[in-house]
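Asks:
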Amino acid sequence: PSNEGKDIFKSVENYFKNSDINFANLEGAIANTNTQSSKRSKNSYSFRMPPYMANRIAEAGFNIVAVANNHSRDFGDKGYKQTQEYLKNAEIKIVGNILNTATIIEIKNKKIGFLAFYYFSYANNSIQDITSAKALVEKTKKECDFLVVSFHGGAEGRNMFRVPKETEIFYGENRGDVYKFARAVSDAGADLIIGHGPHVLRAMEIYNNSFIAYSLGNFVGYKQFSLAGNNGISAILQITLNDNLKINSAKVIPIKLINGGIPSVDSSNEAIKKLNNYADLDFPNSGIKFNSEGEAILNK
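In our numbering, the protein residues as written are 32 to 331.
#1: F54 bridges to which residues according to DSSP?
#2: If you reduce the DSSP assignment to three classes, tell me which class G110 lands in.
#3: For the alpha helix (DSSP H) that K170 lies in, which residues bound it at each end?
#4: Less than 8 Å between the CB atoms is what I'm expecting for L118 and A85, so what's the real figure, rounded?
#5: Suppose contacts are defined by Cβ-Cβ distances below 8 Å. Is S240 in contact with D218 by that definition?
#6: F242 and L223 look like a contact to me (Cβ under 8 Å); what is the Cβ gap, rounded to whole Å?
#7: Give the DSSP-derived three-state secondary structure of A186 in the structure shown.
#8: Apart from the five residues on each side of it in sequence, which residues of its chain come closer than 7 Å, Cβ to Cβ, to N322?
#9: For the putative contact between K183 and H230, defined by C-beta atoms under 8 Å, what is the C-beta separation to the nearest angstrom?
#10: Determine the DSSP secondary structure at N34, reduced to helix, strand or coil.
#11: Give me whichever residues DSSP pairs with F201 in a beta bridge.
#12: Please report the straight-line C-alpha distance between T171 and T162, rounded to a whole angstrom.
#13: What residue range does the alpha helix (DSSP H) around V283 cover?
#14: Going by beta carbon distance, what residues of the same chain come within less than 7 Å of D311, once the five residues before and after it are set aside?
#15: Looking at A164: is its Cβ nearer than 8 Å to the Cβ of A234?
#16: To the nearest angstrom, how far is it from the Cα of R189 to the Cα of T271?
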């Protein structure tokens, strides 16, 4: 990107400045190698960012990212290793890079735990191994005060905005049953569950006092990326905890991706409209809806 990516987050960075933790799914390699992995899925793109983007991500306010996804190894083990090195040099914590391992951030003497899962088991915690996932969540919850579970799963594309409540197959790949997984890790003690993978927004719901966002959609890209229809509609999810480390409030900032993938605040509130519609469609009894200001209507 031009200006070494310094303008990419410009219109949204104010939304991250006052947060204790800013988390994202990093779907691609930060690397300088040109050798693509031979293990990539068929019918897929390879995503790579220049090394300076680690600093841009940090400067925007992000302090932890998940790498448990289908593009983190697009440039092989070398690219995967470089990604982690650049992130660590930028003082960004990583989750999902080590099997059966959580990342814990201590804020104001409270421990916030993170786990990341992916639909393949190759060197990652798998959303398809529900028994192991629940055991890992139960173990991690004992080590922290609030637990965030990130998962990468589900079919992808502009029409994949429904939560089907069954196993999703995409180009012959088993992408997991995200509904079954999310509810299972909620039962095991996860407090906040955040989905990625479909590249579009999906519904949010409250289940067992857990806040589940089934997919936050795309957030930033550059040029070689489809932004047609639902692919270009996204949201920033803000979660506020009370002194007892319970979710006190939630808010979405509606985002539209412009100029090839740059996030911009969307005054038309498309994300809010879609999330409310999806809540009615998929979770009429437990779905989370938002007012015109993006504030979640939670029954506490």
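Here a beta-carbon is modelled for each residue, glycine too, at the ideal position from N, C-alpha and C. Given the structure is predicted, the values throughout are model-derived calculations rather than measurements.
Replies: Checking against the coordinates, here is how it stands:
#1: Partner(s): I95.
#2: In the three-state scheme derived from DSSP, where H, G and I count as helix and E and B as strand, G110 is classed as helix.
#3: According to the DSSP assignment, K170 belongs to the alpha helix (DSSP H) that extends over 161–172.
#4: That belief holds up - the Cβ atoms of L118 and A85 are roughly 5 Å apart, short of 8 Å.
#5: Per the sequence shown, residue 240 should be read as Asn rather than Ser. No, these two residues do not count as a Cβ contact at 8 Å.
#6: 5 Å between Cβ atoms; contact.
#7: If DSSP states are grouped into helix, strand and coil, A186 belongs with coil.
#8: If the five residues before and after N322 are omitted, its C-beta is found closer than 7 Å to the C-beta atoms of I328, all from its own chain and listed in chain order.
#9: First, the residue type needs correcting, since residue 183 is His and not Lys in the sequence shown. In fact, because the Cβ distance is near 11 Å, the residues do not count as touching under 8 Å.
#10: Three-state DSSP puts N34 in a helix.
#11: F201 is bridged to E204.
#12: Roughly 14 Å between the two C-alpha positions.
#13: Premise fails: V283 lies in the beta strand (DSSP E), 278–289, not in any alpha helix (DSSP H).
#14: If we look at D311 and ignore the five residues flanking it on each side, its Cβ neighbours are G318.
#15: Result no, Cβ atoms of A164 and A234 do not sit closer than 8 Å.
#16: A direct Cα-Cα distance of roughly 30 Å separates R189 from T271.
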